[in-house]
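Residue numbers (my numbering), protein chains in the order written: chain H, 612 to 860; chain G, 17 to 409.
Where is the CB? At the ideal position from N, CA and C, for every residue including glycine.
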């Protein structure tokens, strides 16, 4: 067994998402993250793809990030296409009345039919991109009106959309969503499964993002790195446990 | 049978959708605009028209659920049908008489034509058809437009303005006899919603833009954010607010308002918030503050007390520099010495075009005529000129 460092939530707990004004641009600097993603700086308005093969810890990673953002006072919008809102809330261990968490559940409605929306959980079907888009926009408005200006969006995952809809359609949808994230000065993470789509699809999608957090598996070991047009980090080995991602020291 | 949109204000403007016409709701991708088509369908369903609703992005059950959320029990109407283009796509059997799999565009074409021939009003989510069936399906959609004209059916289309190629947008726009834009008032996030007439080829009309809210149940409600009710001390402002509101509260001390009256009413498709101001001069700063956010003013005067008119005029001036439209409620008309409206106009030197409505707030007489007069001002040319929200791309 490799020696393990703290789990990701502990690591991210040490992180401070400080807001610095650099040339009038707010930049979120993820500090102390050198163990996982050294020197990764995410500007406000960033759209990040989280890309890798199945079972390499992508979902766990974004959930940890999401939880951490919420703890830091961010408003969080989580779009689910594979798990129900109930499952996520359980995992997050967050009270349903938490006003910082908003979920769009694109699973439950297709399974059990009509479900009533609440203030923090909206139900859509995965093919109804207009519905999803309008609900995300509504959540942005809700946060904005309640004074929450820092917002993180998680889309888990784009691959499900691409199972039902053609690339052009998904691209158009993302064009609007990434634009909104940019204009609102938020940060968004979008999961894409490696191995499910052809190269053209991935290349097309990448145009919409500011960077990619990549996961890979080699010889039974899992790795993570961050790539953008400005920077590329080293691969770091990770281990994915039942409810946490662990960095191998 | 006359077919209408069922949307507040819109029906006053375009009156009806004639046979063989195609009306397209042109929807901002971040706005819940499908409800416009649903509301048009249900309005005409209730009027006895044969209506069909096409669903492609979700199941017929979910579609009916969406109608129900707005209080529209479509499933109880015999003249209602769903065209199910969803079940076939996800590999489920369909319970609907009209169904097709969007993977087979010929089959879809055949079913849609049958529906267009057999129904008075057909709702088609044009952009969703393009999304699912691909951009080539636009040719088929063109056939449906032509077929509807030929068979004198009405198509109510939704077109969500995702960044489609320009030729698709042009094709849809040119083929629609009416285009109603449903958009968002964009800031860094969307903070409000509006709809407006872009084109109607069967009637010569001026463009209009109306703010709206979605109410569940209820649907589209034209939205007038704040109406200020002002006037001199003891003119009857609180009584007026209470007389027209469904629910109202006043904060008062010794029978006079010292803070605010607030009332809310749902009227003719509008959702209206009324704010009554205190009449005493020491509260004038509040008046200015409210004036900044209000969209219209109702000036309540005591028709029996001409000596208060200068004060009324002064209050009007306090809010006038915000450029708000106003109407005058000539109150206490139930009293024997009340001056008639024209007398008040003279004494207050009010222009001819300012509506002065005789009311008795106490008896509730004429109060809704005041609201009518203000709504007319708000949705008329002033609204368009000053409040046309920036059209987003």
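Residues of chain G with CB under 9 Å from residue 774 of chain H, in chain order? Numbered from its first residue, the first chain carries residue 774 of chain H at position 163. Neighbours of residue 774 of chain H on chain G: none; closest Cβ ~11 Å, over 9 Å.
Residue 637 of chain H to residue 759 of chain H span [Cα, whole Å]: For this step, residue 637 of chain H is matched to residue 26 along the first chain. For this step, residue 759 of chain H is matched to residue 148 along the first chain. Per-residue confidence for residue 637 of chain H stands at a pLDDT of 31, beneath the threshold of 50, marking its modelled position as unreliable; no derived number is given.
Using alpha carbons as the reference points, say which of G:167, G:108 and G:151 lies closest to residue 130 of chain G. Taking the second chain and counting its residues from 1, one reaches residue 130 of chain G at position 114. Answer by Cα proximity: G:167.
Rounded separation between residue 66 of chain G and residue 93 of chain G - CA only: To locate residue 66 of chain G, count along the second chain from 1; it is residue 50. To locate residue 93 of chain G, count along the second chain from 1; it is residue 77. Spanning the two alpha carbons is a distance of roughly 9 Å.
Between residue 808 of chain H and chain G, is any beta-carbon pair separated by less than 9 Å? Residue numbering aside, residue 808 of chain H sits at position 197 when the first chain is read from its first letter. Taking Cβ atoms only, chain G never reaches closer than 9 Å to residue 808 of chain H, which makes this a no.
What number of angstroms, rounded off, separates the C-alpha of residue 83 of chain G from the C-alpha of residue 806 of chain H? Counting from one through the second chain, the residue named residue 83 of chain G turns up at place 67. Counting from one through the first chain, the residue named residue 806 of chain H turns up at place 195. So the two alpha carbons sit approximately 39 Å from each other.
Does any C-beta atom of chain G lie closer than 9 Å to the C-beta of residue 845 of chain H? Locating residue 845 of chain H in the first chain gives position 234, where the first residue counts as 1. Closer than 9 Å: no.
What are the boundary residues of the alpha helix (DSSP H) that includes residue 160 of chain G? The residue labelled residue 160 of chain G in the question sits at position 144 within the second chain. Segment 154-167, the alpha helix (DSSP H) holding residue 160 of chain G.
Closest by CA to residue 316 of chain G, which one among G:295, G:310 and G:299? Sequence index remark: in the second chain, residue 316 of chain G carries index 300 (1-based). Among G:295, G:310 and G:299, the Cα nearest to that of residue 316 of chain G is on G:295.
Return helix, strand or coil for residue 141 of chain G, following the three-state DSSP convention. Mapped onto the second chain, residue 141 of chain G falls at position 125. Residue 141 of chain G falls in the strand class under three-state DSSP.
Neighbour-count burial assignment, residue 707 of chain H, 16 or more Cβ in a 10 Å radius: For this step, residue 707 of chain H is matched to residue 96 along the first chain. Around the Cβ of residue 707 of chain H, a 10 Å sphere holds fewer than 16 other Cβ atoms; the residue is exposed.
Top-ranked residue by Cα proximity to residue 326 of chain G, from G:364, G:342 and G:313: By 1-based counting over the second chain, the position of residue 326 of chain G is 310. With distances taken between Cα atoms, residue 326 of chain G lies closest to G:364.
Proximal residues of chain H, C-beta to C-beta of residue 204 of chain G below 8 Å: Within the second chain, residue 204 of chain G is the residue found at index 188, counting from 1. Here the neighbours are 755, 794, 795 and 796.
Test: residue 178 of chain G CB closer than 9 Å to a CB of chain H: What you label residue 178 of chain G is simply residue 162 of the second chain in a count that begins at 1. Chain H, which has a Cβ nearer than 9 Å to the Cβ of residue 178 of chain G, makes this yes.
Meets three-Cβ-pair contact criterion under 8 Å: the stretch 239-259 of chain G and the stretch 340-347 of chain G: Touching, yes.
So, is residue 379 of chain G buried or exposed, given that buried needs 16 or more other C-beta atoms within 10 angstroms? The residue labelled residue 379 of chain G in the question sits at position 363 within the second chain. That one is exposed.
Segment limits, beta strand (DSSP E) that includes residue 178 of chain G: On the second chain, residue 178 of chain G is found 162 positions in, with the first residue counted as 1. That residue, residue 178 of chain G, is in no beta strand (DSSP E); it is neither H nor E in DSSP.
Between the Cα of residue 682 of chain H and the Cα atoms of H:704, H:692, H:782 and H:671, which residue gives the shortest distance? Within the first chain, the letter at position 71 stands for residue 682 of chain H. Here the closest residue by C-alpha is H:704.
Roughly how many whole angstroms lie between the Cα atoms of residue 670 of chain H and residue 693 of chain H? The residue given as residue 670 of chain H occupies position 59 in the first chain. The residue given as residue 693 of chain H occupies position 82 in the first chain. Cα-Cα distance, rounded: 10 Å.
Chain G beta carbons: is any one of them nearer than 9 Å to that of residue 739 of chain H? For the purposes of this step, residue 739 of chain H is identified with residue 128 of the first chain, where counting begins at 1. True, the Cβ-Cβ gap to chain G drops below 9 Å.
Between residue 181 of chain G and residue 154 of chain G, what straight-line distance do the alpha-carbon atoms span, to the nearest angstrom? Mapped onto the second chain, residue 181 of chain G falls at position 165. Mapped onto the second chain, residue 154 of chain G falls at position 138. Rounded to whole angstroms, residue 181 of chain G to residue 154 of chain G spans 12 Å at the Cα level.
At least three beta-carbon pairs within less than 8 Å, the stretch 814-829 of chain H to the stretch 654-668 of chain H: yes
Taking beta-carbon pairs under 9 Å, can you tell me which members of the stretch 67-91 of chain G lie near chain C? Of the protein chains in the structure, H and G, none is chain C.
Along chain H, which residues have their Cβ under 7 Å away from the Cβ of residue 150 of chain G? Looking up residue 150 of chain G in the second chain gives position 134. Residues of chain H passing the Cβ test: 777.
Any C-beta of chain H under 9 Å from that of residue 216 of chain G: As a first step, residue 216 of chain G is located in the second chain; it is residue number 200 there, counting from the start. For residue 216 of chain G, the answer is no, since every Cβ of chain H falls outside 9 Å of its Cβ.
Using alpha carbons as the reference points, say which of G:323, G:143, G:226 and G:342 lies closest to residue 70 of chain G. Numbered from 1 along the second chain, position 54 holds the residue referred to as residue 70 of chain G. Here the closest residue by C-alpha is G:143.
Could you give the uninterrupted runs of the beta strand (DSSP E) lying entirely in the stretch 657-735 of chain H, keeping only those of 3 residues or more? 657-663, 686-691, 712-716 and 732-734
What is the DSSP secondary structure of residue 208 of chain G, counted as helix, strand or coil? Here residue 208 of chain G corresponds to residue number 192 of the second chain, with the count starting at 1. Note: residue 208 of chain G maps to strand in three-state DSSP.
So which of H:857, H:853, H:656 and H:690 has the shortest CA-CA distance to residue 770 of chain H? By one-based count along the first chain, residue 770 of chain H stands at place 159. Of H:857, H:853, H:656 and H:690, the residue nearest in Cα terms is H:690.
Applying a beta-carbon distance threshold of less than 9 Å, which residues of chain G neighbour residue 784 of chain H? Sequence index remark: in the first chain, residue 784 of chain H carries index 173 (1-based). Neighbourhood of residue 784 of chain H in chain G, by CB distance below 9 Å: 45, 147 and 178, in chain order.
Residues in its own chain within less than 8 Å of residue 401 of chain G by CB, not counting five upstream and five downstream? Here residue 401 of chain G corresponds to residue number 385 of the second chain, with the count starting at 1. With a pLDDT of 37 at residue 401 of chain G, under the threshold of 50, the modelled position of this residue cannot be trusted; read the value that follows with caution. Taken in chain order, the list of residues that qualify is empty.
Can you tell me where the alpha helix (DSSP H) with residue 252 of chain G in it begins and where it stops? Taking the first residue of the second chain as 1, we reach residue 252 of chain G at position 236. Element bounds for residue 252 of chain G: n/a, residue is neither H nor E.
With a cut-off of 9 Å, does the C-beta of residue 227 of chain G fall near any C-beta of chain H? Position 211 of the second chain, counted from the first residue, corresponds to residue 227 of chain G. It does not; no Cβ of chain H falls within 9 Å.
Whole alpha helix (DSSP H) runs in the stretch 107-136 of chain G with 4 or more residues, listed along the chain? As summarised for the stretch 107-136 of chain G, the continuous alpha helix (DSSP H) elements at least 4 residues long and confined to that stretch are 121-134, given in chain order.
Nearest candidate by alpha-carbon position, reference residue 394 of chain G, set G:264, G:277, G:239 and G:353: Translated into positions along the second chain, residue 394 of chain G becomes position 378. Ranking the options by Cα distance to residue 394 of chain G, first place goes to G:239.
Cβ of residue 693 of chain H less than 9 Å from any chain G Cβ? Taking the first chain and counting its residues from 1, one reaches residue 693 of chain H at position 82. Chain G places no beta carbon closer than 9 Å to that of residue 693 of chain H, leaving this residue out of the contacts.
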